[in-house]
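Down below is the structure, laid out as structure tokens.
Next up, the structure:
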């Protein structure tokens with residue numbers, strides 16, 4: 001069954017779980033292409049590293065939302081319980097990290113007069129997807145996860161063919177050096193990632209935090225996002241430090 005074949009609920013508002021990275025952006029783009037009435041984007045800004053969420057450059061989601069033309073709701077670190085980072089059990093911490101997002105969705109359900117569904121950009125993580133699916137069940141809404149268990153190569157090609165301009169903003173995998181920071185994820189980069197996959201096992205879409213991305217342009221966006229940045233390299237991993245960002 002394809003996304004088009006499924007009977008999606010278009011009778012109420014949708015919320016897109018959104019970081020500005022390629023996966024959540026693709027989920028949003030696919031939802032819009034199916035005419036799902038996405039009325040809000042929701043971005044979680046976790047404190048430090050997270051079991052559940054994309055973490056780098058989430059502050060840029062505001063610009064992305066402005067370009068997309070959908071209002072953004074932010075969930076900030078102070079919304080998380082103070083001792084969440086000290087939990088040693090990842091399952092317990094993941095559930096706890098989900099609570100502020102679920103509370104925000106409950107508030108949006110009240111504000112919007114209902115909640116038909118949420119979108120998510122999960123690809124292979126059963127850990128994340130099972131928790132988001134359970135949350136959607138508790139909220140009484142559908143979950144639209146168009147990347148789930150798809151071929152990474154096919155997804156990457158679809159993103160590029162659709163016109164996504166994707167920048168790599170963080171790397172943390174053997175074989176990915178500082179030269180990848182700020183690089184555009186294009187067909188040439190994808191071919192190199194395939195070689196790194198064969199040699200080191202690097203995932204083509206960076207699943208599991210091997211690399212993180214930010215979408216600066218796409219068919220769902222009215223204006224491209226221009227970035228200025230510096231690179232920060234820590235020996236075996238690194239990230240870009242954005243110094244300026246604006247809509248062109």
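Numbering (full-length UniProt numbering), first residue to last: 1 to 248. Using N, Cα and C, we set each Cβ at its ideal position, and we do this for glycine too.
Residue 40 - DSSP class collapsed to helix/strand/coil: Counted from its first residue, the chain shown places residue 40 at position 40. Strand.
Output the residue ranges of the beta strand (DSSP E) runs that lie fully inside the region 109 to 148 and measure 3 residues or longer, sorted by chain position. 117 to 119 and 142 to 144
With H, G and I counted as helix, E and B as strand and the rest as coil, what does DSSP make of residue 90? Here residue 90 refers to the residue found at position 90 of the chain shown. Per-residue confidence for residue 90 stands at a pLDDT of 38, beneath the threshold of 50, marking its modelled position as unreliable; no derived number is given.
Residue 197 to residue 113 span [Cα, whole Å]: By 1-based counting over the chain shown, the position of residue 197 is 197. By 1-based counting over the chain shown, the position of residue 113 is 113. One C-alpha to the other measures close to 46 Å.
In terms of alpha-carbon separation, which member of 97, 7, 220 and 42 lies closest to residue 165? Working through the chain shown from its first residue, we reach residue 165 at position 165. For residue 165, the nearest C-alpha among the options comes from 220.
Proximity of residue 204 and residue 63 at Cβ, strictly below 8 Å: Along the chain shown, one-based indexing puts residue 204 at 204. Along the chain shown, one-based indexing puts residue 63 at 63. No. Outside cutoff.
Rounded to whole angstroms, what is the Cα-Cα separation between residue 43 and residue 25? In the chain shown, the residue the question calls residue 43 occupies position 43. In the chain shown, the residue the question calls residue 25 occupies position 25. So the alpha carbons of these two residues sit roughly 12 Å apart.
With a threshold of 7 Å, establish whether the CB of residue 64 neighbours any heavy atom of the ligand COA. No copy of the ligand COA occurs in the structure displayed, which carries no ligand at all.
How would you label residue 10, buried or exposed, when you count the other beta carbons within 10 angstroms and need 16 or more for buried? Counting from 1 along the chain shown, the entry for residue 10 is found at position 10. Exposed, because fewer than 16 other Cβ atoms sit within 10 Å of the Cβ of residue 10.
Is it the case that the Cβ atoms of residue 122 and residue 145 are separated by a distance below 8 Å? As a position in the chain shown, residue 122 is number 122, starting the count at 1. As a position in the chain shown, residue 145 is number 145, starting the count at 1. The answer is yes: Cβ separation under 8 Å.
Spatially closest choice to residue 120 from 101, 200 and 174, by CA coordinates: Within the chain shown, residue 120 is the residue found at index 120, counting from 1. The option with the nearest alpha carbon to residue 120 is 101.
Please list the terminal residues of the continuous alpha helix (DSSP H) segment that includes residue 198. Sequence index remark: in the chain shown, residue 198 carries index 198 (1-based). Run containing residue 198: 187 to 200, per the alpha helix (DSSP H) assignment.
Please classify residue 142: is it buried, with 16 or more other beta-carbons within 10 angstroms of its beta-carbon, or exposed? Sequence index remark: in the chain shown, residue 142 carries index 142 (1-based). Residue 142 is buried by the Cβ-count criterion.
Could you please give the first and the last residue of the uninterrupted alpha helix (DSSP H) stretch that includes residue 63? Locating residue 63 in the chain shown gives position 63, where the first residue counts as 1. Residue 63 -> alpha helix (DSSP H) spans 61 to 68.
Helix, strand or coil: how does DSSP classify residue 97 here? Residue 97 sits at position 97 when you count from the first residue of the chain shown. Correct three-state label for residue 97: helix.
If residue 160 sits next to residue 105, beta carbons under 8 Å apart, how far is it from one beta carbon to the other, in whole angstroms? Position 160 of the chain shown holds residue 160. Position 105 of the chain shown holds residue 105. Their Cβ separation, rounded to whole angstroms, is 31 Å, which puts residue 160 and residue 105 out of contact at 8 Å.
contact_flag[the region 22 to 39, the region 131 to 138] where n(CB pairs < 8 Å) is 3 or more: The region 22 to 39 vs the region 131 to 138: no contact.
How should residue 184 be labelled, buried or exposed, when 16 other C-beta atoms within 10 angstroms of its C-beta is the threshold for buried? For the purposes of this step, residue 184 is taken as residue 184 along the chain shown, with counting starting at 1. That one is exposed.
Grab the span of the alpha helix (DSSP H) containing residue 222 for me, first residue to last. In the chain shown, counting from the first residue as 1, residue 222 sits at position 222. Per DSSP, residue 222 lies in no alpha helix (DSSP H) segment and is marked neither H nor E.
Which residue wins for smallest C-alpha separation from residue 129, given the options 208, 241, 233 and 225? As a position in the chain shown, residue 129 is number 129, starting the count at 1. For the residues 208, 241, 233 and 225, the minimum Cα distance to residue 129 belongs to 208.
Tell me whether residue 116 is buried or exposed, calling it buried when 16 or more other Cβ atoms sit within 10 Å of its Cβ. Translated into the one-based positions of the chain shown, residue 116 becomes position 116. Label assigned to residue 116: buried.
Hey, would you say residue 41 sits closer than 8 Å to residue 65, going by beta carbons? Locating residue 41 in the chain shown gives position 41, counting from the first residue. Locating residue 65 in the chain shown gives position 65, counting from the first residue. Yes, they are a contact pair.
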